[in-house]
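Counting in my numbering, the sequence shown runs from 3 upward without gaps.
Heads up, the beta-carbon is just placed ideally off N, CA and C, and yes, glycines get one too.
As the structure is a prediction and not an experimental result, all values here were calculated from the model.
To keep things clear, I will list the structure first and then write my remarks on it.
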Amino acid sequence: PAGLRSLPGDELARLIYSCGYYNVKARKLKAFVRWLGEEYRDDLDGMLAVDTGVLRRQLLGIYGIGEETADSILLYAAGKPSFVIDAYTRRIVGRLGLDTGKCTYAACQALFTDNLPADASLYNEYHALLVQLGKDVCRTRPRCGPCCLNPGSLNDPASPSAAFPCAALVRR
């Protein structure tokens with residue numbers, strides 16, 4: 003973290019150029035490592051050990067960290083059960099008719115956290131499967147035929163969707 007803090011912003015932007023939006027991302031990374039130094043003296047393990055609710059509120063107070071990023075840090079870096087809601091998840095939830103158009107981040111997240119055990123590895127798997135479904139099938143222009151969530155498709159072993167990995171979402 004100290005190395006990133008001491009790195010000039012334009013140099014960091016150059017190093018992450020291939021990520022896109024590199025200038026904005028460089029400022030956000032600098033804000034995070036500045037906060038990590040001030041609040042936790044660069045003790046990343048100590049930060050990740052903090053209570054989930056407390057750490058989430060702290061992360062949301064850092065420039066450039068919104069709900070999706072905070073929950074990603076909690077789930078993937080800290081191994082804490084915090085379900086990540088992204089564009090793929092919102093699209094799938096909407097197409098399943100579970101979103102009335104007023105689904106806030108918290109309400110969409112509650113669809114999962116209220117119906118699944120609070121288990122980080124399960125949340126990780128579900129999110130990965132939703133991302134795969136969103137990229138491969140439930141795209142902006144969807145391919146509903148092979149969708150594993152298409153009613154009846156799981157009951158037909160000849161259906162291409164019966165073998166699709168996201169079928170695990172329905173079979174649980």
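What does the Cβ neighbour count give for S8, buried or exposed, with the cut at 16 atoms within 10 Å? exposed
How far does the alpha helix (DSSP H) with G48 in it extend, from its first residue to its last? 46-50
Burial state of C140, where buried means 16 or more other Cβ atoms lie within 10 Å: buried
Three Cβ pairs or more, each shorter than 8 Å: is that satisfied between the segment 77-88 and the segment 122-135? yes
Would F34 and I64 qualify as a contact pair, given that the criterion is a beta-carbon distance under 7 Å? Yes.
Under 7 Å, do D45 and P3 count as touching if we go by C-beta distance? no
Count the other C-beta atoms from every protein chain shown that fall within 10 angstroms of the C-beta of F166, then say buried if there are 16 or more, exposed otherwise. Because the pLDDT of F166 is 47, which lies under 50, any placement of that residue in the model is unreliable, and the question is left without a value.
Beta-carbon proximity list for A72, same chain, < 6 Å, skipping 5 on both sides: A distance below 6 Å between beta-carbons, with the five flanking residues on each side excluded, links A72 to the following residues of its chain, in chain order: R58, L61, L62.
Check whether the Cβ atoms of L132 and T106 sit closer than 7 Å, and answer yes or no. no
CA-to-CA distance, G99 to Q111, given in whole angstroms: 15 Å
Just to confirm my understanding: we take E41, look at its own chain, exclude 5 residues before and 5 after, and list those with CB closer than 8 Å. What are they? M49, Q60
Contact belief for E70 with I87 at Cβ below 8 Å, rounded distance in angstroms: Taking 8 Å as the upper bound for CB-CB distance, E70 and I87 are in contact here, some 6 Å apart.
Whole-angstrom C-beta distance between L77 and N25, which should lie under 8 Å: Contact doesn't hold; Cβ gap of about 27 Å is too wide.
Quick check on DSSP: helix, strand or coil for G204? In the structure displayed, the chain extends from 3 to 174; residue 204 sits before or after that span and is not available.
Measure how close the beta-carbons of K27 and C21 come, nearest whole angstrom, since I'm counting them as under 8 Å. 6 Å
Inter-residue Cα distance where the pair is N117 and K137: 24 Å
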